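Engineer:
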Amino acid sequence: MTAGGRKPFGTSFEDWIERQVREAHERGEFENLPGAGRPLPGLDREFSAERWAADKARREGFDVSAMPPPPLALRREREVLMRDVHELVSEAAVRDVAADFNDRVLELYRRPADGPLVVVGLLDVEALVEAWRASRPVPAEAPPAAEPPRRRWWRRRG
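Under the UniProt record's numbering, the sequence shown has 17 at position 17, and the numbering climbs by one with no breaks.
#1: Look at V129 and E91 and say whether their C-beta atoms are less than 7 Å apart.
#2: Note down, in chain order, each residue of its chain lying with its Cβ closer than 8 Å to the Cβ of S135, except the 5 sequence neighbours on either side.
#3: So for L88, helix, strand or coil by DSSP?
#4: Determine the burial state of F62: buried for a count of at least 16 other Cβ atoms within 10 Å of its Cβ, exposed for fewer.
#5: Tell me whether the beta-carbon of L72 lies closer than 7 Å to the beta-carbon of A98.
#6: Can you give the Cα-Cα distance for M67 and A54, rounded to whole angstroms?
#7: To the nearest angstrom, how far is it from the Cα of L106 to the Cα of V64?
#8: Are the Cβ atoms of V120 and R76 separated by less than 7 Å?
#9: With a cut-off of 8 Å on the beta carbons, I'd call F101 and L81 a contact; round off their distance for me.
Listed below in structure tokens is the structure:
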């Protein structure tokens, strides 16, 4: 049986995998591997899914600056929302965005903490709406409606 083939019926996975490793070792496939004889990096750190994903992205050449843990991502989102609230188109949109953000923060606090506690404040919806209103341009007063031109009495008939 070749390495990577199907597991034979009646053989346990553990026995099958051990046999494949032993045969690969006998063929010398583990000789001259990069990093041979050196300890694996990161074994002294506690495992977290975020760190694993960031390390994987770094190895693949991706930018990891956009991959903060959820609490830090929510803190950044809160700052951006408070700064850019004037870009929303209506008061209803401001309220919807704030309610959605607060729901996600509360959901984060309901889950067990993975790592150090990072406090993310809820948005004060009314204060955000007031900030949005204050950023709106003052509506120009409409000019008074001009009276329609008076029609002569002889043109009113007929």
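Every residue gets a Cβ at the ideal spot worked out from N, C-alpha and C, and that includes glycine.
Treat the numbers as computed from the prediction; the structure is a model and nothing was measured.
Structural biologist: Judging by the given coordinates:
#1: Taking 7 Å as the Cβ cut-off, V129 and E91 qualify as a contacting pair.
#2: Take S135, set aside five residues on each side of it, and the residues of its chain with a beta-carbon closer than 8 Å to its own are V85 and H86, in chain order.
#3: Here DSSP, grouped into helix, strand and coil, assigns L88 to coil.
#4: That one is exposed.
#5: No Cβ-Cβ contact shorter than 7 Å links L72 with A98.
#6: Note on geometry: alpha-carbon atoms of M67 and A54 lie some 7 Å from one another.
#7: If you take the alpha carbons of L106 and V64, they lie about 26 Å apart.
#8: Going by C-beta atoms, V120 is not nearer than 7 Å to R76.
#9: Going by Cβ atoms, the distance from F101 to L81 rounds to 6 Å, so yes, they are a contact pair.
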